[in-house]
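The opening position of the sequence shown corresponds to residue 1 in UniProt numbering, with each subsequent residue numbered one higher.
For each residue, glycine too, the CB sits at the ideal point set by N, CA and C.
Being a predicted model, the structure only gives us computed values, none of them experimental.
Input: a single structure, listed below in structure tokens.
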Amino acid sequence: MATPLESPITFSNVGKARWWQSGLFASQTGYVLLALAVLFVVMNFASPYFFTQGNMQNVAKNFSFIAIATLGVTLVIIIGGIDLSVGSMMCFSAMITSMVMTQLSTPGAPGAEWFVHLADDGKTVIANLPGLILLISVLAGLGVALIVGLVNGFCIAVLGLSPFVTTLGMLSIVRGLGYVVSNGRGSFPGGPDADYFYALTSGVVFGMPAPFIYLVVLAVAMAVVLHHTGFGRHVFAIGGNEKAAALTGIPVVRVKIEVYVICALAAGLQGIIVSGWLGSAPANMATSYELNVIAAAVIGGANLAGGIGGPLGAIVGCMLLEVIRNGLVLAQVNSYWQQALVGVIIIAAVLVDRVRSRMA
1 MATPLESPIT
11 FSNVGKARWW
21 QSGLFASQTG
31 YVLLALAVLF
41 VVMNFASPYF
51 FTQGNMQNVA
61 KNFSFIAIAT
71 LGVTLVIIIG
81 GIDLSVGSMM
91 CFSAMITSMV
101 MTQLSTPGAP
111 GAEWFVHLAD
121 DGKTVIANLP
131 GLILLISVLA
141 GLGVALIVGL
151 VNGFCIAVLG
161 LSPFVTTLGM
171 LSIVRGLGYV
181 VSNGRGSFPG
191 GPDADYFYAL
201 TSGVVFGMPA
211 PFIYLVVLAV
221 AMAVVLHHTG
231 FGRHVFAIGG
241 NEKAAALTGI
251 PVVRVKIEVY
261 VICALAAGLQ
271 GIIVSGWLGS
281 APANMATSYE
291 LNVIAAAVIG
301 GANLAGGIGG
311 PLGAIVGCML
321 LEVIRNGLVL
331 AQVNSYWQQA
341 LVGVIIIAAV
351 LVDRVRSRMA
């Protein structure tokens, strides 16, 4: 006699994630977003000036001054690497851009004969299209960043040197080169395209600071590349398990070099933008910025072990640091506390992620 089929066995613990492992709390970025929201509420009650339009524009502009470089460093961290040379790279690219712009705008200077000359009445005549000197100068600044990125990538991916040691050495090399080419003095963007330069780096577009617009565009581009292209899948695969990625046919060496080049270019672009805000490129520009950039990436959820990270986390981490700094200023708290608080937040962020991982 046939027996009726028994009802299927179900497991209540399969396919169901706990509340701290799903939704908003599925990643460290979610916790940081929550902390940022709480901080906004606290600052709203602590200072009547926090949510003013002027202050919000300052916050957007100031955190954009490290966020673009943080996008590049986040990419490096995803593959399990590190780049300590971003601060020096920011300074060097800004210096080269300013110096080339001034050089090409000075009658009689080497190379300037293609762009400017003196008329019979002694007046300077500009013989270039508007913006051409600016374009060449920016490309020169990004060009040196490209070279530094290639050197970092070659030493790490081909020669097998430690990313920490390689980029630490490059930090000193690039900073030293900056002092050499400038004789320890700052450089100032000059010439007929200086107004264009300042408008593009520190101007306002649709009521928002120009650096913030650049940040949003680059973050969206990075998100698309990471999650919808083969290159992005390769980056995460290398960060998850480099040896396994190599065995599956992923060109590990090429991808790692490309990542370090992108990181250097992001730092170079960031430096050029910051120099427009400062109005110059001083020799000590962006000193120790690499610490803030790496801190923002880690706070935003990038795992130093590799395989985890993204543009949203980079932006959220930078925003959290800037809101804290801005809050300290508005509350008239000694600004030196900022560095101590950054360290506390880094440790707290790593601790929360570790606890959440152990509870998985």
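Item to check | Three-state secondary structure (DSSP) of S64 | outcome: helix
Next on the checklist: Residues in the same chain with beta-carbon distance under 7 angstroms from V342, minus the five sequence neighbours each way, listed in chain order, please.
Outcome noted: A295 and L321
Next on the checklist: Just verifying my parser: in three-state terms, what is the DSSP assignment at P163?
Outcome noted: helix
Checklist entry - Mind checking D83: buried by the 16 CB within 10 Å criterion, or exposed? => result buried
Checklist entry - Given L36, which residues of its chain have a CB within under 8 angstroms of its CB, disregarding the five upstream and five downstream residues? => result V316, M319, L320 and V323
Item to check | Cutoff 6 angstroms; reference F63; Cβ partners in own chain excluding five residues on either side | outcome: C318, M319 and E322
Item to check | Between the CA atoms of V224 and V174 - distance to the nearest angstrom | outcome: 31 angstroms
Next on the checklist: Between which residues of its own chain and V158 is the CB-CB distance below 7 angstroms, once the five residues before and five after are set aside?
Outcome noted: V253
Checklist entry - Counting only runs that start and end within the region 231 to 270, where is the alpha helix (DSSP H) found for 4 or more residues in a row? => result 242 to 247
Item to check | Anticipated Cβ contact below 8 angstroms, G184 with Y260, distance rounded | outcome: The pair is not a contact, with the Cβ atoms about 28 angstroms apart (cut-off 8 angstroms).
Checklist entry - With which residues is P209 paired in a DSSP beta bridge? => result V204
Item to check | S280 (DSSP reduced to helix, strand or coil) | outcome: coil
Next on the checklist: Which residue wins for smallest C-alpha separation from V144, given the options L161, P189 and T97?
Outcome noted: T97
Item to check | For G279 and M56, the rounded distance between their alpha carbons | outcome: 22 angstroms
Item to check | M95 vs Y289 beta-carbon contact at 8 angstroms | outcome: no
Checklist entry - How long is the line joining the alpha carbons of G190 and V181, rounded to whole angstroms? => result 17 angstroms
Checklist entry - Starting from Q103 and walking both ways along the alpha helix (DSSP H), at which residues does that stretch end? => result V86 to L104
Checklist entry - Is there a Cβ from chain D that is less than 8 angstroms from the Cβ of I257? => result The structure shown has no chain D; it contains just one protein chain.
Checklist entry - Looking only at C-alpha atoms, which of I78, K61 and V32 sits nearest to H227? => result I78
Checklist entry - Taking just the CA atoms, how far does L75 sit from N241? => result 15 angstroms
Checklist entry - What is the C-beta distance between I272 and S93, in whole angstroms, given that I count them as a contact (C-beta under 8 angstroms)? => result 6 angstroms
Checklist entry - Any idea what DSSP makes of S187, helix, strand or coil? => result strand
Item to check | Three-way DSSP call (helix, strand, coil) for W285 in this model | outcome: At residue 285 the sequence reads Met, which differs from the Trp that was named. Three-state DSSP puts M285 in coil, outside helix and strand.
Checklist entry - Between which two residues does the alpha helix (DSSP H) containing G30 stretch? => result Q28 to A46
Checklist entry - Which residues in the same chain have their Cβ closer than 8 angstroms to the Cβ of F164, if we skip the five residues on either side of it in sequence? => result I82 and L84
Next on the checklist: Quick check: the Cα distance between W19 and G309, rounded to an integer number of angstroms?
Outcome noted: At W19, the pLDDT of 49 sits below 50, so the modelled position is not reliable and the matter cannot be decided from this model.
Checklist entry - Taking Cβ to Cβ, would you say A267 is nearer than 8 angstroms to V86? => result yes
Next on the checklist: If distances are taken between C-alpha atoms only, which option among V59, L161 and N284 comes closest to Y179?
Outcome noted: N284
Checklist entry - Whose C-alpha, out of G232, Y336 and A302, is nearest the C-alpha of T29? => result A302
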